[in-house]
Each structure stands twice: as structure tokens, then as C-alpha cells.
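Visitor:
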Amino acid sequence: MASPKYPNGLAIVLAILIFSLSFQAFISVDSVSSSNGGSLKQRKQMLGSRPPSCINKCLSCIPCLPFPVIPPSQNQKAVLSHQETYYPVSWRCRCKNKVFHP
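For the sequence shown, the residue numbers in mature numbering (1 follows the signal peptide of the UniProt record, and there is no 0) are -25 to -1, 1 to 77.
1) Check Leu40 in the structure and name its three-state DSSP category.
2) Between the alpha carbons of Pro43 and Asn31, how many angstroms are there, rounded?
3) Quick check: what's the CA-CA separation for Pro46 versus Leu(-12)?
4) Let me make sure I understand the geometry here. Which of Pro77, Arg25, Phe75 and Ile(-14) has the alpha-carbon closest to that of Val64?
5) Can you tell me whether residue 78 is helix, strand or coil according to DSSP?
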């Protein structure tokens, strides 16, 4: 039973809700890529791994920032394949010239 004043009220509310959610997702992706100075393409290369929160991880050193650590390849004679581009990424926290485990 729709209200006689607003027969399409539910449709309008749903359209506004969907538009606002999609606009919010667009803003959050754009702010992530520009706030850290990296592009979205660089972030996609590190799928499955997120930087840790380095708050209070570097003792009293400021600024304490996360950085990726890519271990050296196990197989130095690697044949070109799709697996050659995969490197496990681990994270550490760094402040000045000191490295801390998160």
C-alpha cells in the first residue's frame, strides 16, 4: 500500500541509497590511492597482504611506518612462468634506520 502523496517513494529512496553507497566507495578508493602516494595498481600487486598498524610498535620513535619486506627467491634458476611474479610479502615497521616487528 503506497502512500497517495508519494507513489514511487520506495523506489526513490532505494535509488538514493544505491547512489550514495556507490559514490562513497568511489571516494574511499580514491583517497586510499592518493593518501599514501601510491597508485591503485601498486596496491593490487600486493593482494592478500595488508600493512600492519605500526602504532606504538617502534618504542618512542616517530614516525613509525609500515613497509613491505619481500624475501629473496628460493629458486635462482627460475624458468619464466606465472609463478615467477608471485613473492610472499611480509610487513615490518620502520622508524628512521631501525626496523621493528609489528
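Note that the Cβ used here is the ideal one computed from N, Cα and C, for glycine as well. The structure displayed is predicted, hence computed values, not measured ones.
Guide: Taking the definition as stated:
1) As a first step, residue 40 must be located in the sequence shown, where it is residue number 65. Strand.
2) Translated into positions along the sequence shown, residue 43 becomes position 68. Translated into positions along the sequence shown, residue 31 becomes position 56. The straight-line gap separating the alpha-carbon atoms of Pro43 and Asn31 is approximately 18 angstroms.
3) One-based indexing of the sequence shown puts residue 46 at position 71. One-based indexing of the sequence shown puts residue -12 at position 14. Using only the alpha carbons, I get a separation of about 48 angstroms.
4) Position 89 of the sequence shown, counting from 1, holds the residue named residue 64. If we check each option's Cα against that of Val64, Arg25 comes out closest.
5) This structure gives no information on residue 78, because the portion of the chain shown stretches from -25 to 77.
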